[in-house]
Structure formats: structure tokens, C-alpha cells
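In the numbering used here, the protein residues as written are 2 to 492.
Where a beta carbon is used, it is the ideal one built from N, C-alpha and C, also for glycine.
So the structure is just underneath, and the comments pick up after that.
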Ligand code: TRP
Ligand code: SF4
């Protein structure tokens with residue numbers, strides 16, 4: 002069976018490695034060292050994959066503008082699964098991102114048949130109050146899709162570049178699929194691209210934290226980012242297999258093309274071979290590229306980057322330049338050049354009313370399992386904990402949850418428990434225990450048979466009670482301060 006990811010029937014994904022191969026999602030481990038102080042979900046491998054997160058990590062390190070964007074379909078109760086996403090939005094916001102949260106009422110209207118009024122009630126009462134209670138800052142934008150003109154306009158424009166065959170390939174849409182459902186898909190792509198519109202200071206890296214079931218939306222949107230852009234910066238290969246960067250402007254107005262030619266290096270061709278030149282070390286070639294950049298600040302930026310790389314190369318050089326160092330130097334130069342090109346291209350596009358979207362980045366987190374094992378399901382209240390559950394009831398659900406322990410104590414002492422198949426451990430891992438050491442200790446004790454499930458349940462139930470109580474107080478506070486937030490409702 003192929004692993005088709007369908008965001009509307011969240012099929013269980015038991016083999017994450019397939020995602021890496023089939024859809025080009027990269028393991029998160031690769032970028033982890035580049036992130037200043039990684040979120041708990043990152044350290045604990047709850048976030049296991051990403052696309053293009055390097056650019057987000059870089060923006061966090063350098064203070065360059067970037068955004069975090071996410072959407073929630075107002076479908077029912079807000080629960081711990083939503084908290085995972087909200088935590089990530091808020092964390093990125095704290096790390097310097099401008100934050101955008103869309104309440105996907107168009108999706109709920111078209112897929113679930115909810116009225117606008119119901120969408121608004123659920124949107125505010127469930128999602129927005131909890132988002133704010135968890136720490137969302139008032140400078141972020143929260144909007145209902147149906148109230149946001151720029152998203153609706155962009156969705157319509159994006160629609161020109163999507164056809165039915167594509168939608169049926171990505172989502173399995175058929176002749177039965179209603180038109181509004183398709184429009185809601187375009188709207189979602191518009192949600193994701195909106196932070197890059199001129200009214201929000203133009204192109205920038207945007208990260209969308211999601212579960213793997215939402216990946217189809219990202220694939221569609223990343224494709225659209227390219228199709229909508231006036232120019233495209235592409236990595237190409239010549240006949241000798243050497244890589245170079247080039248800018249394409251198919252369909253762009255002549256004047257825009259002329260302007261572009263004025264501003265960028267006549268021919269930016271960067272071949273891996275030039276690394277050998279670097280060993281000499283002779284940067285003449287790179288300086289020649291740099292000097293062709295007509296705007297002074299950009300030229301200066303490029304030149305300082307090259308100098309830094311030169312410094313690194315000089316230090317690493319004698320007695321011989323290792324392969325990986327060579328590669329490192331090459332990547333740095335490549336990235337710097339690409340960045341300059343993208344900036345120039347974005348400026349020219351904006352001057353000629355065109356777009357220059359950067360394909361959105363994403364992270365992928367593991368799903369929580371149901372408290373009784375199996376899947377979380379909104380129709381089985383005992384399988385999940387809602388953020389609005391009565392704290393006592395929440396604690397009771399923890400006590401009733403399925404663990405990875407053995408049937409008898411004797412057996413467990415002898416064989417140990419299985420924390421990886423234990424929903425109580427999962428609650429601690431995902432939500433309740435902030436201290437990595439403590440968590441590892443529990444794990445160790447469990448595996449070695451010195452810990453019994455009763456003590457985990459007791460601990461987790463207490464923490465759950467406290468969390469829910471505190472969260473619900475904060476929700477009431479949020480309700481009182483709602484008008485201090487930047488929220489766009491349907492007119
Ligand atoms: N489809 C998402 C859901 O089912 C909601 C959503 C709307 C979304 N717009 C988005 C998610 C943009 C990520 C990014 O909950
Ligand atoms: Fe889970 Fe704790 Fe029991 Fe281990 S001891 S199976 S972690 S509840």
C-alpha cells in the first residue's frame with residue numbers, strides 16, 4: 002500500500018522513514034546543531050523532520066526577519082494535539098518570528114458543513130483562548146480566513162496556477178469533490194504565503210509547524226511559491242555536471258528583465274572547481290563576482306562574507322584542505338551568492354508588481370497516540386485530553402490510560418516496562434515534564450524494572466491537574482483581554 006497522506010482522514014503513519022524517501026522530508030537531526038536553544042520537542046525528537054529549516058535557523062541566529070504560520074480548522078474541542086502546534090508557534094514567536102495564525106473557517110464550512118457562526122464560536126472559544134493562554138503575544142496576527150481580504154484575494158490568484166489534475170494527484174479529489182473544498186485548499190496555500198506579501202514587508206523565510214498529515218498542503222504551496230514568482234533562482238548543471246546558479250524570468254515583463262540585468266552580476270556561474278582556486282588561496286574569481294554587484298550594500302555584504310570564508314579556508318588549509326572543508330567553503334559561497342540573487346530578484350519583482358515567494362519551510366512532529374492506545378479520536382473523549390476538560394476529570398483520564406507496563410508487578414520487576422508503548426510516558430515526554438534529566442531517569446527506571454506504573458500515573462495525574470487548572474485560569478484572563486489582540490473576524 003502506498004503511503005498517501007490525507008489531511009482529512011488522518012491515517013496512522015507508522016513508518017516515518019518512508020516520509021523521508023518518498024516526499025523529501027529531511028531528518029530533523031541534520032539541522033538540530035544549527036538551532037540556538039532548541040525547543041523541548043526538538044531535543045526530544047518529537048519533531049522528527051523538516052523541509053528547509055536551515056533558513057529559519059539562520060534567521061534566528063542572525064536576527065533576519067522570518068515568520069511562523071499555522072492554521073487551525075475550527076472543528077471541535079481544542080486538545081493536547083493542538084497544544085503541540087501552539088507551543089511551537091509561540092516558541093518561534095519568542096525566537097523573533099512574526100506570527101500568523103489562521104482560523105480555517107473556509108475549510109470547516111466547506112468540508113464539515115459548519116455555519117459561519119459556529120466557526121466563529123469554536124474558533125474563539127476553543128482555539129484562540131487557548132492560544133493566548135499558552136503565551137501567544139499580542140503583536141502576532143490572528144484571523145478568520147473568511148474575514149481576511151488579502152488571503153482571499155491571494156487564494157484567487159493562486160487558483161490560476163492550480164488545476165484539477167494536480168489537486169486530484171495531491172489530495173485524491175474526484176468528480177464528487179465540491180468546488181468550495183477546492184477553494185479552501187487554495188485558501189490554505191494563501192494562508193501560508195501571506196506573511197511574504199508586501200503589506201508584511203515582503204519575502205522572508207516562513208516556517209509552518211505541522212503533523213505529517215498536513216504535508217500535502219506544503220507540497221502544493223511550495224510548488225505555487227515557485228509558479229507565482231516573477232523570477233526564479235535556480236540551481237542548474239551544465240553538460241560537464243558542474244553546478245551553477247541562474248535566474249529565469251519566463252513571462253516577466255521586458256522592463257523588469259532589463260532592470261534585473263542592470264543589477265545582478267552578468268554571469269554568476271559558480272562551479273565546484275573554483276574551490277581549487279580557493280586553496281591557493283586566490284579569491285580573484287569571487288571578487289570578480291562580487292564587484293559585478295551594482296548595489297553598494299549588497300556588494301559589501303558579499304565581500305565580507307567572502308573574506309570570512311577566506312579566513313576559515315586559510316585556517317583550515319595547511320597542510321591539506323580536507324574534502325569536507327572544501328565542501329563547507331563551497332556551500333558557504335554558494336549560499337551567499339544565492340541569497341544575494343534572491344534579494345535582488347525580490348526587489349525588482351516588487352517594483353514591477355510581481356511576487357518573489359520563498360518556498361515555505363516546515364517541521365513535522367510525531368502524533369500523540371490515544372490515551373487508551375491506538376489513535377486519538379474526537380468521538381472517543383477518553384482517548385484524548387481537551388484543554389477545557391475539568392482538571393479532576395483530566396487527572397482521572399491519566400490514571401485510566403494504557404501504560405507499557407506488564408500485567409503483574411513480579412513480571413514488571415523482572416522484565417521492565419516499555420516506555421515507548423506507554424501513553425503515560427508520552428504525556429510526560431510531550432507535555433508534562435520539562436526536565437530532560439528527570440525524564441531520562443524515569444525511562445531508565447522503567448526499562449530496568451525498578452519503577453512501577455502507579456508512580457508514573459500519580460506523578461502525571463498531578464501534573465495534568467495543575468496544568469489544566471492553570472491553563473483554564475489563563476483562558477479566562479485571555480477572554481478579558483481579547484480586544485488587545487490583533488484579530489480579524491468575518492465581517
Ligand atoms: N488544514 C489545517 C487543519 O486541518 C488548517 C490550516 C489552514 C492550516 N490553513 C493552514 C495548517 C495553514 C497549516 C498552515 O487543521
Ligand atoms: Fe509507563 Fe511508567 Fe509504567 Fe514505564 S513505569 S510503562 S513509563 S507508566
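Going by beta carbons, residue 365 and residue 26 fall inside the 9 Å limit.
Straight across, the Cα-Cα distance linking residue 382 with residue 471 is about 21 Å.
Residue 158 sits in a helix when the DSSP states are folded into three classes. The Cβ-Cβ distance between residue 115 and residue 104 does not fall below 9 Å. Looking at 342, 391 and 145, the one whose alpha-carbon comes closest to that of residue 236 is 342. Between the beta-carbon of residue 450 and that of residue 416 there is about 6 Å, and that keeps the pair under the 8 Å contact cut. Bridge partners of residue 101 according to DSSP: 70 and 142.
Cβ-Cβ distances below 6 Å link residue 194 to 358 in the same chain, with the five nearest sequence neighbours on each side left out; the list follows chain order. The three-state reading of DSSP puts residue 49 in strand, counting E and B together. For residue 406, the Cβ falls inside the 8 Å cut-off from some heavy atom of ligand 2.
With a beta-carbon spacing of about 21 Å, residue 403 and residue 445 fall beyond the 8 Å limit used to define contacts.
Taking one beta carbon from each stretch, the stretch 219-236 and the stretch 245-261 have 3 or more pairs nearer than 8 Å; the two touch.
Each of 153, 146, 443 and 99 was checked against the Cα of residue 140, and the nearest Cα belongs to 99. Beta-carbon to beta-carbon, residue 489 and residue 145 are separated by about 6 Å, close enough to satisfy the 8 Å threshold. Here the alpha carbons of residue 243 and residue 330 stand approximately 16 Å from one another.
With a cut-off of 8 Å on Cβ pairs, the stretch 203-210 is not in contact with the stretch 149-159, counting fewer than three such pairs. With fewer than 16 other CB atoms across the displayed protein chains lying within 10 angstroms of its CB, residue 95 is exposed. Annotation: the continuous beta strand (DSSP E) that includes residue 364 extends over 362-366. Those residues that bring their Cβ nearer than 7 Å to a heavy atom of ligand 1 are 8, 70, 71, 72, 73, 74, 103, 105, 108, 189, 192, 193, 209, 211, 215 and 218. For residue 227, same chain residues with a beta-carbon under 8 Å away, outside a window of 5 residues either side, are 233, 358 and 360 in chain order. Pairing residue 188 with residue 452, the inter-Cα distance amounts to about 50 Å.
With a cut-off of 8 Å, the C-beta of residue 446 is classified as near ligand 2, since at least one heavy atom of the ligand falls inside that distance. With respect to residue 20, residue 217 sits apart: the two C-beta atoms are not nearer than 9 Å. Boundaries around residue 237 are those of the beta strand (DSSP E), 233-238, since no alpha helix (DSSP H) includes it.
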